[in-house]
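Q:
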Amino acid sequence: MGSMKNVKLKVKNYGLISFYIFNLSFLIFNCLFLGCAPKAKYLIENYSPPQIIAVLPFNNQSVDLDAPVIMRYLFNKRLSAVGYNTIPLDEIDEKLREMGITDGGQLAATTPKELGEKLNADGLIYGDVLEFKYTTLGFYYARTVQANFKLFDSKNEKLLWEDERKVSNKKFEFKEIGKAFALQLAEKGLDKALKSPLKEESNGVVNLSIMTLPRR
């Protein structure tokens, strides 16, 4: 009798485990493919992708002078990869210099319509780097990138899309604190030398935001 009860209990437990696994798999599937994709902060109704987009120089509110250049490059690269027709950045910069504009902070002096006509662009991406930093405190480091992006129709100057993302990574190293501290300083110096600080976090912000922009 005891052995029969054990068999029944094992069968029952197996059934419960199978039930939970099935439901968990179903939830993961829904999350990945149906309901958990990031949503834009704003998306105009009946959105129609602009034919040609110019990714303008990004404004910088962080303390890192390289941040707007890096984020703009990554955003333009990713936007092209998902099917949008973008104008080469050097071509944009050359025409903006003719207007006396050399960085994102000066874009407020003109209008989307004027920029669109000058650049022959139907859509304009404005970017604002809000945070771009990492902190090293011996056994602890934190990496954070935050940015806001907007897409305007250059002809009617309407906001078509807006999104804002923040990606942070934090890590504690309780073992071999001295070695961890030295390693983190070395990594920070290497990042700067390669002109690609916070690469993982920067790509995370850009990729998550562009996921909210409908594909062409």
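The letter at position 158 of the sequence shown is residue 158 when you use our numbering, and the numbering goes up by one with no holes. Ideal Cβ positions, reconstructed from N, Cα and C, are used throughout, including at glycine. Everything numeric in this text was worked out from a predicted model, so none of it was measured.
#1: How about Glu162 and Ala40: do their beta carbons lie closer than 8 Å?
#2: Report the partner residues of Gly123 according to the DSSP bridge assignment.
#3: Measuring CA to CA, which of Pro68, Tyr73, Leu124, Ser48 is closest to Phe132?
#4: When the distance is taken between beta carbons, is Asn76 closer than 8 Å to Gln51?
#5: Under 8 Å by Cβ, that's how I've got Ser202 and Ile70 pegged, so tell me the actual separation to the nearest angstrom.
#6: Measuring straight from C-alpha to C-alpha, what distance separates Lys170 and Phe139?
#7: Mapping DSSP to helix, strand and coil, what is Arg165?
#8: From Lys95 to Ile53, what distance separates their C-alpha atoms?
#9: Measuring CB to CB, does Arg78 end up less than 8 Å from Pro57?
#10: Is it true that the CB of Phe149 sits closer than 8 Å to the CB of Gly237?
#11: Taking the alpha-carbon positions, what's the Lys263 to Ser209 distance?
#12: Spatial neighbours of Leu74 within its chain, please: CB distance less than 7 Å, with the 5 preceding and 5 following residues excluded, ordered by chain position.
#13: Between the C-alpha atoms of Ala37 and Glu98, what's the straight-line distance to the nearest angstrom?
#14: Per DSSP, what are the beta-bridge partners of Val129 in this structure?
#15: Quick check on Phe172: does DSSP put it in helix, strand or coil?
#16: Take Pro214 and list the residues in its own chain whose beta-carbon comes closer than 6 Å to its own, dropping the five residues that flank it on each side.
#17: In chain order, which alpha helix (DSSP H) runs of at least 4 residues are fully inside the stretch 67-115?
A: Here's the rundown:
#1: yes
#2: Ile53, Asp153
#3: Pro68
#4: no
#5: 6 Å
#6: 11 Å
#7: strand
#8: 15 Å
#9: no
#10: Because the chain spans 1 through 216 in this model, residue 237 falls outside it and cannot be assessed.
#11: The question about residue 263 has no answer, for the chain in this structure spans 1 to 216.
#12: Ser202, Asn203, Val206
#13: 41 Å
#14: Asn60, Ala147
#15: strand
#16: Tyr47
#17: 67-81, 89-98
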